[in-house]
Amino acid sequence: MSVNTTIFFSILIAVGLVRVIRKFLDLPTRLPRINRLLDYIWVPGVVLFALSSLIHWKSDQLDELYLLFVFGVGIWVLLRLRTYRPARLLLLAALPFVAYSAFELVLALVAPAMLKEYDDSFEVAQAFTFIWLFTFALIARNQKNQLEKDRLLREEEEKAKQRISAQNVELERLVAERTATLTQQAEELRYALTELRITQNQLIQSEKMASLGELTAGIAHEIQNPLNFVTNFSDVSTELLTELEEEQQKPDRDPELEAEILTDLKQNLQKITHHGQRAASIVRAMLEHSRANNGERQPTDLNKLADEYLRLAYHGLRAKDKTFNATITTFFDPSLGHISAVSQDLGRVLLNLFTNAFYAVQKKQKDGNTPGYVPTVSVNTLHRSSGEVEIRVRDNGTGIPESVKDKIFQPFFTTKPTGEGTGLGLSLSYDIITKGHGGTLTVETEEGEGTEFIIRLPG
Amino acid sequence: MKILVVDDEADVRVLFEQRFRREIRSGLFTFSFAYSGEEALTYLHDHASEVVLILSDINMPGMSGLELLRHIKQTYAAPPPTPPQVMMLTAYGDDPTRQQAMQLGANDFLTKPVDFVALKEKLTVLASHEN
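Respectively, the protein sequence lines represent chains A and B. Residue numbering for the first sequence follows full-length UniProt numbering, starting at 1 and increasing by one per position. Residue numbering for the second sequence follows full-length UniProt numbering, starting at 1 and increasing by one per position.
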C-alpha cells in the first residue's frame with residue numbers, strides 16, 4: 001500500500017453516491033443514456049490511480065480531486081434535471097458543499113498553510129455546508145415523496161377514471177344488448193299478438209260456423225216448409241188451370257166458377273211468391289250469419305230477427321233430438337220498431353241464448369226429476385219508456401249454479417261436454433252487446449228453476 | 001165427413017180448400033182448421049160429435065201435435081158414436097217420432113210434403129166407411 005489507496009474508498013463513495021442519486025432521481029427512466037454512463041464512474045478514479053502510480057505521484061488530494069469530479073458529474077446530472085423540482089433542491093443542497101470542497105481543494109494545493117491556520121473556520125464552514133446539504137437533501141426527499149404521492153394519487157385517479165370509462169363502455173354495451181333483447185322481445189310479442197288476433201278472428205269465425213252447423217237441420221226444416229207450399233200451390237194451380245180449361249170447353253160455361261178459379265189462381269201465385277221469399281230470406285239470413293262481419297249497423301227489426309232465430313234454434317235442436325219438444329211463448333212488442341244494430345251480430349247473440357235455453361230445458365227433461373215438467377222457453381221484447389229496448393230470453397231449465405254464474409261470460413268457459421260447446425258463445429255475445437252496441441247483457445238464474453238472460457240496448 | 005186440420009201454418013187452409021175443392025163442393029168433406037193444439041182442443045170441445053178425422057201437424061209452438069194426440073185419446077176415448085180418428089202429419093218422419101205417435105194411438109202417420117193424391121185416397125176410403 002504505497003500509494004493513494006484511499007482513492008478506492010472514494011470510488012466506493014462515488015459508486016454509492018451514484019446509486020443513491022440513481023434511485024432518488026429515477027435516472028433509468030429520466031436519463032437512461034447518462035445512467036448507463038454512470039456505471040463507469042469508477043473509471044476516472046482507477047485511471048487517476050493508475051496515472052498517479054505510474055508517475056509515483058503521492059498526494060492526499062488525489063481522492064479529493066476524484067470526488068470533486070464525481071460531485072461535478074452529480075451537479076451536471078442535476079442541472080440536466082433542473083426541471084424536476086427535487087433535483088433543483090438537491091442542486092441547491094449540494095452546491096455549497098461542492099463549492100466548499102472545490103475551494104478547500106484549491107486551497108490545499110495552493111496554500112496548505114492557510115488551511116491549517118484557519119482550520120477552525122474551515123471546519124465550521126464545512127460543517128455548515130454539510131448541514132445545508134443534509135437539510136436540503138431531506139427537504140428534497142420530502143418533496144420527492146410528496147410528488148410521488150401526488151403522482152400516485154393522480155395515477156389512482158387516472159386508473160379510476162379509466163375504470164369508470166371502461167365500466168361506462170361496458171354499461172353502454174349492456175344497455176345496447178338489453179335494448180336489442182327488449183326490442184326483439186317486443187317484436188316477438190307484437191308478432192304473437194298479431195297471431196293471437198288472427199287466431200281469435202278464426203275462432204270467432206269457426207264459432208259462427210259451428211253454430212251454423214248446429215242449425216243446418218233447423219234451417220233445412222225452415223226452408224222445407226215454404227218450399228212445400230211453393231210446390232203444393234204450383235200443383236194445385238195446374239189443377240185449377242185444367243179445371244178452367246175444361247170449363248171453357250163446356251157449351252154452358254159457368255162464369256162465376258171461372259171467376260172463382262181465376263181469383264184462386266191469383267191468390268196461389270201470391271202465395272208462391274210469399275213462400276219463395278220466405279225461403280229466400282232464410283237463406284239470406286244464413287248467408288249473413290256465416291259471412292265475415294263488416295260491422296255496419298243498419299235499421300233492424302228485432303222482433304223479426306228474434307222470431308227467425310228462435311225457429312232456427314228450435315228446429316236445429318229438434319233435428320238432433322227428435323223426441324224433444326218445447327213450449328215456446330213469445331211476446332213481441334209491436335212498438336219496438338227498427339233499431340240501429342249489426343243484425344248479423346245480434347242474430348248470433350239471440351241464437352246463442354236460444355240454443356242455451358233449449359239446451360237447458362232439454363237437459364232438465366232428460367234428467368227426468370221433475371214430474372209433469374213442460375219445457376218452456378219464452379222470448380219477450382219490450383220497448384221501455386226510457387227508450388231502451390229489452391229482450392228477455394227465459395227458460396225453465398236446469399238453471400246455472402251460483403259457483404259458475406260469474407264465469408259464464410268468460411271465453412272458453414263451458415259446462416257442456418267436450419265437442420258440444422266452444423265456450424265462446426256467451427263471451428262473444430257479451431262482447432257484441434256491450435262493446436258492439438253499448439248495451440248490457442245480464443243473467444238471472446236459480447239452479448233447478450230456470451234462467452233468464454236480459455239484453456238491454458240503448459234506443 | 002168433417003175433418004179438423006191442425007197446423008200452425010195458416011196457408012194450409014188455402015191449400016186444403018183448393019186441393020179438395022171438388023170434394024168440398026160435392027159435400028163429401030167438410031174442413032175445419034185450428035192453428036194450434038190448444039185451439040184444436042177448444043174446437044173439439046164444441047164439436048166433439050161432428051169431427052170424424054183430425055189431421056194434425058206435430059211441430060207446433062205451444063202444445064205439440066203429440067200432446068194434442070194424447071189429450072184427444074184421453075178425453076174422447078169413447079164418445080158417441082165413435083172416437084175420432086187422428087192422423088199425424090209431420091216433416092220429421094223419423095222412426096222414434098212415428099213410434100211415439102203410434103204408441104199414443106195415432107191412426108196414421110204421414111210425412112210432409114204431403115202427397116195429396118195418397119191423402120185423398122185415404123180420406124175417400126174413410127168417407128166411404130163412414131157412409
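Positions of the beta carbon are idealized from the N, C-alpha and C atoms, including for glycine.
- Contacts with chain B at 9 Å (Cβ-Cβ) do not include GLU245(A).
- The straight-line gap separating the alpha-carbon atoms of ASP46(B) and ARG70(B) is approximately 18 Å.
- The C-beta of ASN225(A) comes closer than 9 Å to at least one C-beta of chain B.
- In the DSSP secondary-structure assignment, LEU382(A) is bridged to GLU390(A).
- Look at the stretch 190-213 of chain A: it has no residue with a C-beta under 7 Å from a C-beta of chain B.
- For PHE332(A), there is no enclosing beta strand (DSSP E), as DSSP marks it with neither H nor E.
- CA-CA distance, SER128(B) to GLY316(A), rounds to 41 Å.
- The beta carbon of THR329(A) falls within 9 Å of a beta carbon belonging to chain B, placing the residue at that interface.
- Against GLN267(A), the close residues of chain B are VAL14, in the order they occur along the chain (beta-carbon pairs closer than 8 Å).
- Between THR97(B) and chain A, the shortest Cβ-Cβ separation is below 9 Å.
- Burial state of ILE164(A) is exposed, judged by a 10 Å Cβ sphere holding fewer than 16 other Cβ atoms.
- In terms of beta-carbon proximity, THR323(A) lines the interface with chain B, with at least one pair separated by less than 9 Å.
- Separation of the CB atoms of GLY347(A) and GLY459(A) is rounded to 19 Å, and the pair is thereby denied contact status at 8 Å.
- When rounded, the separation of the alpha-carbon atoms in LEU4(B) and VAL86(B) is 9 Å.
- Every beta strand (DSSP E) of 3 residues or more that sits fully in the stretch 88-124 of chain B is shown, in chain order, as 108-111.
- The beta carbon of ILE139(A) sits closer than 7 Å to the beta carbons of LEU89 from its chain, once the five residues preceding and following it are set aside; these are given in chain order.
- Taking the CA atoms as reference points, LEU241(A) sits about 21 Å from HIS275(A).
- Straight-line measurement puts the Cα of LEU147(A) at about 31 Å from the Cα of SER101(A).
- For VAL361(A), no Cβ of chain B is located within less than 9 Å of the residue's own Cβ.
- Taking 9 Å as the cut-off, the beta carbon of PHE16(B) is found closer than this to the beta carbon of PHE33(B).
- A residue is called buried once 16 or more other Cβ atoms fall within 10 Å of its Cβ, and ALA360(A) is buried on that count.
- Contact with chain A is found for LEU66(B), since one of that chain's Cβ atoms lies less than 9 Å from the residue's Cβ.
- DSSP, read as helix, strand or coil, puts THR238(A) in helix.
- Contacts with chain B at 9 Å (Cβ-Cβ) do not include ALA279(A).
- Not one beta carbon of chain B lies nearer than 9 Å to the beta carbon of THR440(A).
- A straight line joining the alpha-carbon of PRO83(B) with that of ILE72(B) spans about 9 Å.
- Taking a Cβ-Cβ threshold of 9 Å, the residues of chain A close to GLY62(B) are THR327, ILE328 and THR329, in chain order.
- Each residue's CA atom was taken as its position, placing LEU305(A) and MET286(A) some 12 Å apart.
- Its chain contains ARG88 and LEU91 as the residues whose beta carbon lies nearer than 8 Å to that of ARG82(A), once the 5 sequence neighbours on both sides are disregarded; these appear in chain order.
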